[in-house]
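Taken in order, these protein sequences are the chains called A and B. Here my numbering runs 10 ahead of the position in the first sequence, where the first position is 1. Here my numbering runs 82 ahead of the position in the second sequence, where the first position is 1. Structure record follows, encoded as structure tokens.
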Amino acid sequence: MTLTKRLHDWLTIPMLVSFAILGTLPLWVEAVGLYQYLGLEILIWMIFALGFNLLLGYTGLPSFGHGAFIGIGAYAFGLTQFNVAENLWVCLIGAVLVTAAFGGLTALFLSHRKGIYFALMSIAFGQIYFFIASQWTSVTKGEDGLLNIARLPVELGVTRLQIDSTPALYYFCFVVYVFCVLLLWRLVNSPYGKVLRAIKQNDQRVAFLGYNVVLYRWSVFTLSTAVAGLAGGLFAMAQQGAYVQIMSLQWSGIVVLMTLMGGGFVSFWGPVLGVALYFAARDLLGAHTEAWALWFGLLFMALMMFKPTGLAGICHDINARLSRKPVQPGPALSESVR
Amino acid sequence: MALFETHHLHKRFGDQVVLEDITLRFEENRLSGIMGPNGAGKTTCFNVLTGRYKPDRGKVLFAGEEITGLPPRRIARKGIARSFQTMNLFDEYTALDNVVLALPRVRERGFDMLHNLSANGDARDEAAAVLSRIGLRGHEYSRAGDLSYGQRRALEIGIAVAAEPRLLFLDEPTAGLGTEATVALAELIQELRRTITIVVIEHDMKFLFGLADHIFVIHWGQVIAEGSPDALRTNPWVQRSNLGELA
């Protein structure tokens, strides 16, 4: 295999575009009337939504209680920092492992289900975790949340980088984002990713080909929650606290909405576009009207009615038109997700 | 010893007995058939044999090993593949990707999360060879959902063949096919039977009588007759169930 081909397997043009835009965001975000912290929120939610899309877009599993896991990640990060070690890597690994453990446990109950039953049970579990977090005040501090979570320095052995400022934390999150994108891109184009998409299309046939569909569903759910845990850890640092609101049904719904509007069903980049759209709408529309959510809701409805493939679908159409090719969903999803 | 046998299988749904005391033997390197009128229990029988339903009573043996009640994935891994009466393809994937996924070498690497499957030339070459064998050369990169009905039927069989089975169950492979496509399918099955033991469920009696070495006739959930096509044509039970005339 040539070096170019090998490089193309790891890096794609949309990937480089996203790295370029997000990598320079702190330099121009204020010039367009926005603020530095928004970039942090966007990056963290992009990581969360990319992980979430493994379930919704790739495996066809509508998890409507996924907000619980970003919250668990945030609490796990804070509790590890307060009780185990004030080390960034230990806290992040703690957030990922604890959230994945909760995810794995939840998936034991969900992975035999699909469709509406999966959706309802995911809501039920999300609500269970939400109520545990809000009632178990001795650990989570209830409605007040865990306060004073520090933005820990990045220990690199020979040196230590302080990330207490928002732009510094942003660049740390950006590095995590790049790492997640590269890893998830490999994953969705691997044999594992291929099986996930096959399960979404026809789980019965996959089982008759000798694959353990339940094990795949369990593993992808756990993996998705691990990514949510990582996002949760970063969110705890961004907010310098961990709060129960993030675990509510409302935020679980928002990540679904972001993923659908962005076009998670047809593109790897759907969640990234959806998150950018949501936060841009919240801050740009919100500057003009308090009813921004109403307008955003109407936009969601319009997109789902007239372009259910979302922003990514629109991008595919434009790309096809520019290259004067007929608009086709093929030749394979593996191509269209690029 | 038969490659695949069942002993006294029973299956009921609620108070309806669908299969009653079904005993079958499929010999290796032969093409066996199961026929019967609509609602006779043929497809339910197939579903019990391939693990979709668990039998209420009875035994299923494959190569001497009991596989009664095993889930489909474990039965598939033992070397039994099946096609479906209603199309069961991965419509968003290309024909090539449909077949790639069925290859045992890809299945064994199913949890590989890091390597790019598109770059696996060996698997793609192998899948392309399967497509060529089933007459779909040139359609490797067509979406399965965009293929014609006959091509989709062939792909349905191709996916099962790609799994390198010892035993292949084909459920009503001619369903919905025109005369020309049926002839092409018969040729394909003739070619496949040289290397794979095949069992076909079919309502098209001429098709089945032209291909099979041994046929079981199922009616009212029971085996009412069995034998070679010639023997069955004159069988009084078969005549009485109107299947003889059709044949």
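Note that the Cβ used here is the ideal one computed from N, Cα and C, for glycine as well.
{"Check": "Classification of Thr169/A by the beta-carbon crowding that lies within 10 angstroms, buried from 16 upward", "Outcome": "exposed"}
{"Check": "Cβ of Asn199/A within 8 angstroms of any chain B Cβ", "Outcome": "yes"}
{"Check": "From Gly152/A, Leu64/A, Ser148/A, Tyr226/A, residue whose alpha carbon lies closest to that of Phe141/A", "Outcome": "Gly152/A"}
{"Check": "Integer-rounded CB distance, given that Leu156/A should sit under 8 angstroms from Tyr85/A", "Outcome": "6 angstroms"}
{"Check": "Distance between Pro255/B and Gln272/B (C-alpha atoms, nearest Å)", "Outcome": "13 angstroms"}
{"Check": "Gly151/B and Ile297/B closer than 8 angstroms at C-beta", "Outcome": "no"}
{"Check": "Distance, Gly272/A Cα to Glu345/A Cα", "Outcome": "Reliability of the predicted coordinates at Glu345/A is poor, the pLDDT of 40 falling under 50, and the value obtained from them is presented with this limitation in mind. The straight-line gap from Cα to Cα measures roughly 17 angstroms."}
{"Check": "Cross-chain neighbours of Arg189/B in chain A, by beta carbon under 8 angstroms", "Outcome": "Leu219, Gly220, Tyr221"}
{"Check": "Residue burial classification, Leu85/B (beta-carbon count within 10 angstroms, cutoff 16)", "Outcome": "buried"}
{"Check": "Simplified DSSP assignment, three categories, for Leu159/B", "Outcome": "With the sequence shown as reference, residue 159/B is identified as Arg, and Leu is not the correct amino acid for it. Of the three classes helix, strand and coil, the one that applies to Arg159/B here is helix, per DSSP."}
{"Check": "Rounded separation between Glu87/B and Arg123/A - CA only", "Outcome": "33 angstroms"}
{"Check": "Within-8 angstroms CB hit, Ala208/A to chain B", "Outcome": "yes"}
{"Check": "C-beta neighbour in chain A for Asn317/B, strict 8 angstroms", "Outcome": "no"}
{"Check": "Chain C contact for Asp19/A (CB, 8 angstroms cutoff)", "Outcome": "In the displayed structure, chain C is absent; the protein chains listed are A and B."}
{"Check": "Pro311/B beta carbon less than 8 angstroms from that of Glu246/B", "Outcome": "no"}
{"Check": "Cβ neighbour criterion (16 or more within 10 Å) applied to Tyr223/B", "Outcome": "exposed"}
{"Check": "Integer-rounded CB distance, given that Leu98/A should sit under 8 angstroms from Val164/A", "Outcome": "6 angstroms"}
{"Check": "Integer Cβ distance of Gln137/A from Gly75/A, believed to fall under 8 angstroms", "Outcome": "7 angstroms"}
{"Check": "Ile354/B vs Leu113/B beta-carbon contact at 8 angstroms", "Outcome": "Outside the displayed range of chain B (83 to 329) lies residue 354/B, so it cannot be described from this structure."}
{"Check": "As assigned by DSSP and simplified to three states, the class of Gly33/A", "Outcome": "helix"}
{"Check": "Chain B contacts made by the region 179-199 of chain A, where a contact means CB separation under 8 angstroms", "Outcome": "Arg196, Leu197, Asn199"}
{"Check": "Glu102/B, enclosing beta strand (DSSP E) - first and last residue", "Outcome": "98-108"}
{"Check": "DSSP bridge partner residues for Val281/B (one or two, in chain order)", "Outcome": "Ser114/B, Phe251/B"}
{"Check": "Interface flag, Gly340/A vs chain B, CB-CB below 8 angstroms", "Outcome": "In this predicted model, Gly340/A has a pLDDT of only 38, less than 50, meaning its place in the structure is not dependable enough to derive any value."}
{"Check": "Residues near Ala286/A by beta carbon distance below 7 angstroms, same chain, minus five either side", "Outcome": "Ile52"}
{"Check": "Cutoff 8 angstroms; reference His317/B; Cβ partners in own chain excluding five residues on either side", "Outcome": "Looking at the sequence provided, one finds Asn at residue 317/B rather than His. These residues qualify, in order along the chain: Val299, Ala307, Gly309, Gly326."}
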